[in-house]
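Protein chains: 2
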Amino acid sequence: MTIHPHDLEQLAQHFKILGEPTRLQILSTLCNQERSVQDICQQTGLHQANASKHLRLMKDAGVVACRKKGIWRYYRIVAPEVLSLCHRAQQALTTSEPEKSQMEVVEESQ
Amino acid sequence: MTIHPHDLEQLAQHFKILGEPTRLQILSTLCNQERSVQDICQQTGLHQANASKHLRLMKDAGVVACRKKGIWRYYRIVAPEVLSLCHRAQQALTTSEPEKSQMEVVEESQ
DNA sequence: TGACTATATCATTAGTTAGTTATATAGTAT
DNA sequence: ATACTATATAACTAACTAATGATATAGTCA
Numbered sequence: 348m349t350i351h352p353h354d355l356e357q358l359a360q361h362f363k364i365l366g367e368p369t370r371l372q373i374l375s376t377l378c379n380q381e382r383s384v385q386d387i388c389q390q391t392g393l394h395q396a397n398a399s400k401h402l403r404l405m406k407d408a409g410v411v412a413c414r415k416k417g418i419w420r421y422y423r424i425v426a427p428e429v430l431s432l433c434h435r436a437q438q439a440l441t442t443s444e445p446e447k448s449q450m451e452v453v454e455e456s457q
Numbered sequence: 348m349t350i351h352p353h354d355l356e357q358l359a360q361h362f363k364i365l366g367e368p369t370r371l372q373i374l375s376t377l378c379n380q381e382r383s384v385q386d387i388c389q390q391t392g393l394h395q396a397n398a399s400k401h402l403r404l405m406k407d408a409g410v411v412a413c414r415k416k417g418i419w420r421y422y423r424i425v426a427p428e429v430l431s432l433c434h435r436a437q438q439a440l441t442t443s444e445p446e447k448s449q450m451e452v453v454e455e456s457q
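Those protein sequence lines, which keep their order, are chains A and B.
For the first sequence, our numbering assigns the number 348 to the initial residue and increments by one for each residue that follows.
For the second sequence, our numbering assigns the number 348 to the initial residue and increments by one for each residue that follows.
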């Protein structure tokens, strides 16, 4: 019954990573394929420095990983639960109406 | 393929709620039963004002709900995905060693 | 009525972090 | 070598928010 604060913070940390629209936006671009930072920036409209910072954060958290190829770094999603969530979220996001948005995190059965 | 920013923020908002150790701590006390604020404070060591604030936040987000009985308010978890997560988290938290903490959000298969 | 208890809310402070700008690093090509 | 491109990082600012202390609200009991 005793809960260790350190573990609690680890768990919260993981959720915190996903609790930012910008990062979800980045993840949605990585949903189906790996992408370079430039690619992500073009897709999302984010500044390069900002995208890099978020990617670094997510890499440290084990949510994404990157592959180095010449001058490029290709990022991809590695956390399986994030990947499945990402698919679900993207599906929900793309099917919802602009002004409706009555969605749920996991239970968007509609 | 177009993602609506408003929906993205809704989704992020939900994760943000869970991205705070204090709130996870509160949720873990509500895992198996509803509790009064005092009860939660005693279990967690949180200050009353702080607990109330987090509970308000989670209530607004639809994560918990409360029942009024006389002078007390009994809070409970309502979001089903949070409830199942809560059980899983609590299980993981209670079985992990104090200094080990090699856990994963959803895939804590070990 | 007044004393007591549970809860909510307000105001303040301190810590965190997203976004931006500028700069550094490093690979490629001429 | 220089020029160019992709990425990372550092410094800074602004916005957000958790925690706290004080106060308000409201139900109970004598």
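Glycine is no exception: its CB is placed at the ideal position from the N, C-alpha and C atoms.
- Consider the Cβ of E356 of chain B: report whether some Cβ of chain A lies at a distance smaller than 8 angstroms. yes
- Work out the CA separation of I418 of chain B and Q360 of chain B for me, nearest whole Å. 31 angstroms
- Query: Counting pairs of beta carbons, one from the region 374–386 of chain B and one from the region 359–376 of chain A, are three or more of them closer than 8 angstroms?
  - Reply: no
- Query: Counting only beta-carbon atoms, is L430 of chain B nearer than 8 angstroms to chain A?
  - Reply: no
- So which residues on chain A does T392 of chain B lean against when the C-beta distance must stay under 7 angstroms? According to the sequence as given, residue 392 of chain B is Gly; it is not Thr. Result: empty, since nearest Cβ-Cβ is about 11 angstroms, beyond 7 angstroms.
- E367 of chain A: contacting residues in chain B (beta-carbon distance under 7 angstroms): A359
- Going by the beta-carbon positions, is the gap between H401 of chain B and R370 of chain B smaller than 8 angstroms? yes
- Where Q372 of chain B falls, given that 16 or more other Cβ within 10 Å makes a residue buried: buried
- Query: Of all the beta strand (DSSP E) runs that stay within the bounds of the region 363–407 of chain A, which reach a length of 3 or more residues?
  - Reply: none
- Item | Partner residues on chain A for K363 of chain B, Cβ-Cβ distance less than 8 angstroms | F362, K363, G366, E367
- Taking C-alpha atoms, which residue in B:A408, B:C388, B:N397 lies nearest to E356 of chain B? B:A408
- Item | Pairwise C-alpha distance: G392 of chain B and V384 of chain A | 44 angstroms
- Item | A398 of chain A classed as buried or exposed, judged by whether at least 16 other C-beta atoms fall within 10 angstroms | buried
- Message: Is it buried or exposed, A426 of chain A, if we count other Cβ atoms within 10 angstroms and call 16 or more buried?
- Response: buried
- If you draw a straight line from the alpha carbon of K416 of chain B to that of L404 of chain B, how long is it in whole angstroms? 20 angstroms
- Item | Distance, V411 of chain B Cα to Q380 of chain B Cα | 12 angstroms
- What is the rounded straight-line gap between the Cα of V429 of chain B and the Cα of A396 of chain B? 23 angstroms
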